[in-house]
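**Q** As numbered in mature numbering (1 follows the signal peptide of the UniProt record, and there is no 0), residues -25 to -1, 1 to 307 make up the sequence shown, in order.
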Amino acid sequence: MKNKKEMIRYGYLFILLVVTALALAACGSNNSSPEKAASNSGESRDITVKIGYQKYGTINILKADGSLDKRLAEERNIKIEWVEFPGGPQLLEALNVGSLDIGHTGEAPPIFAQAAGAPLVYLAHEPASPQAEAIIVPKDSPIQTVADLKGKTVVLNKGSNVHYLLVKLLEQANVDYKDVNVKFLPPADARAAFEKGSVDAWVIWDPFLAAAETATEARRLADGTGVVNNHEFYLATRAFAEKYPDIVDILLEEANKIDAWSKENPQELAEKLSPQLGIDVESLVLAAGRREYGVQQIDEELIKGQQAIADTFLQLELIPKAIDIQDAILSK
């Protein structure tokens, strides 16, 4: 009996020692957490940054080059998970549900995403490239002007930059948006429909635009010149941008570097991207020659431009509610 009582007493003592040790360990971990250690050392935590990209654009070039992967790995011990999307709307859907940290799109997708409640913020933008998107028709199409699209079927990627391009070109031609049969398809499916002749026109951006022009001799009905700006935006979730400003700075620095190289080396750029994109070099050289390069800060003019697009989409009932672009701008 005595031995049994001693065993119980020793058992309680052992449990007490274990609990005490765990409590001390917990206190120690609070005083030297990974975040605090990273802060003290001036380095970011060991994390994986999820970056969404589309075919073409500066972020796509960064992926192909590998310079951003290398710098983040060497300076911050950070890995990148690259995820490809067929268009900006699909990319921002992923960002909205937390599957991405950073991505790039044109002007229209962030507006649709913000209206849907996505917690996105604008980081920076590329210069205007209005010639890099257009409405095209088959080479032998009887359609000669934008006004001729009344009653015709036009295909595009819903919520993308070219959606706004179509709206503005129809407005300029005095054609009501509702008088055009607009069908929504991602680029690959839209290309197939265009080549089969099941649609009358296709509103598309580079490099898909250049590839269609090269392969099918598609005729350019109108592009964005004098009508839209066609900016490329760098975007992130607000939580990521506020928590990791150093990673954002590195991304934009490397983007600006690769932009400078791309501007001076269109042939090499096309050869680098061709295997990754599955698009011929000739088409990529054509696309490279009609976009502008260089990372620029978000300013009041850009905010006003985005707000004008948002207001237009609201008027056409393409977004469910009014939005304020300023809500998606990082405070300085």
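Every residue, glycine too, gets a C-beta built ideally from N, C-alpha and C.
1. With burial defined as no fewer than 16 other Cβ atoms inside 10 Å of the residue's Cβ, what is the status of L291: buried or exposed?
2. Would a C-beta distance cut-off of 8 Å place N205 and N136 closer than the cut-off?
3. Determine the burial state of V155: buried for a count of at least 16 other Cβ atoms within 10 Å of its Cβ, exposed for fewer.
4. Report, in whole angstroms, the separation of the C-beta atoms of L210 and T80, which I expect to be a contact under 8 Å.
5. Using the three-state DSSP reduction, which class does A197 fall into: helix, strand or coil?
6. In terms of alpha-carbon separation, which member of E68, K158, E192 lies closest to T212?
7. For A91, tell me which candidate among L293, L305, I304 has the shortest Cα-Cα distance.
8. Which residues in the same chain as I278 place their Cβ atom closer than 7 Å to its Cβ, once the five residues preceding and following it in sequence are excluded?
9. Return the chain-ordered list of same chain residues with a C-beta closer than 6 Å to the C-beta of F169, the five sequence neighbours on each side being excluded.
10. For the stretch 70 to 140, list the alpha helix (DSSP H) runs that are entirely contained and at least 4 residues long, ordered along the chain.
11. Does the stretch 118 to 128 touch the stretch 82 to 99, meaning 3 or more C-beta pairs lie closer than 8 Å?
12. CA-CA distance, P85 and L248?
13. If I'm right that K127 touches D175 with Cβ under 8 Å, what's the distance once you round it to whole angstroms?
14. By DSSP, does A230 sit in helix, in strand, or in coil?
15. For Y28, name the three-state secondary structure that DSSP assigns.
16. What ranges does the alpha helix (DSSP H) occupy inside the stretch 220 to 306, keeping only unbroken runs of at least 4 residues that lie completely in it?
17. Is it right to say Q281 is buried, meaning 16 or more other beta carbons lie within 10 angstroms of its own, or is it exposed?
18. Taking only the alpha-carbon atoms, compute the straight-line gap between K199 and I284 and give it to the nearest angstrom.
19. Can you find the residues in the same chain that come closer than 7 Å, C-beta to C-beta, to E267, ignoring five residues on each side of it along the sequence?
20. Leaving out five residues on either side along the sequence, give the residues of the same chain with a beta carbon under 7 Å from the beta carbon of W57.
21. Let me know the secondary structure DSSP gives E146 once reduced to three states.
22. Run through DSSP, which three-state label would N205 get?
23. Nearest-angstrom Cα distance between Q65 and S42?
24. Let me check one thing: in DSSP terms, what residues is F215 bridge-paired to?
25. Measuring alpha carbon to alpha carbon, tell me which of D151, S173, K54, A186 ends up nearest A109.
26. How long is the line joining the alpha carbons of L141 and A83, rounded to whole angstroms?
**A** From the atom records:
1. Of the residues assessed, L291 falls on the exposed side of the cut-off, its CB having fewer than 16 other CB atoms within 10 angstroms.
2. Closer than 8 Å, so yes.
3. Buried is the call here.
4. 7 Å between Cβ atoms; contact.
5. Three-state result, A197: strand.
6. For T212, the closest alpha carbon among the candidates E68, K158, E192 is that of E68.
7. With distances taken between Cα atoms, A91 lies closest to L293.
8. Within the same chain, I300, Q301, I304 come within 7 Å of I278 by CB-CB distance, once the 5 residues on both sides are set aside.
9. Around F169: W177.
10. Complete alpha helix (DSSP H) runs here, min 4: 83 to 90.
11. These segments do not touch.
12. The C-alpha of P85 lies about 26 Å from the C-alpha of L248.
13. Rounded, the Cβ-Cβ distance is 4 Å, consistent with contact.
14. If DSSP states are grouped into helix, strand and coil, A230 belongs with the helices.
15. Annotated three-state conformation of Y28 is strand, per DSSP.
16. Here the runs fully enclosed are 220 to 239, 241 to 252, 256 to 263, 275 to 290.
17. So Q281 ends up on the buried side.
18. Note on identity: in this sequence residue 199 is Gly, with Lys being the wrong assignment. Distance between the alpha carbons of G199 and I284: 14 Å.
19. Answer for E267: E101, P102, A103, S104, listed in chain order.
20. Same-chain partners within the cutoff: I26, Y28, K38.
21. In this structure, E146 counts as helix in the three-state DSSP scheme.
22. Here DSSP, grouped into helix, strand and coil, assigns N205 to coil.
23. So the alpha carbons of these two residues sit roughly 26 Å apart.
24. F215 has no beta-bridge partner at all, per DSSP.
25. Among D151, S173, K54, A186, the Cα nearest to that of A109 is on A186.
26. One Cα belongs to L141, the other to A83, and the distance between them is close to 12 Å.
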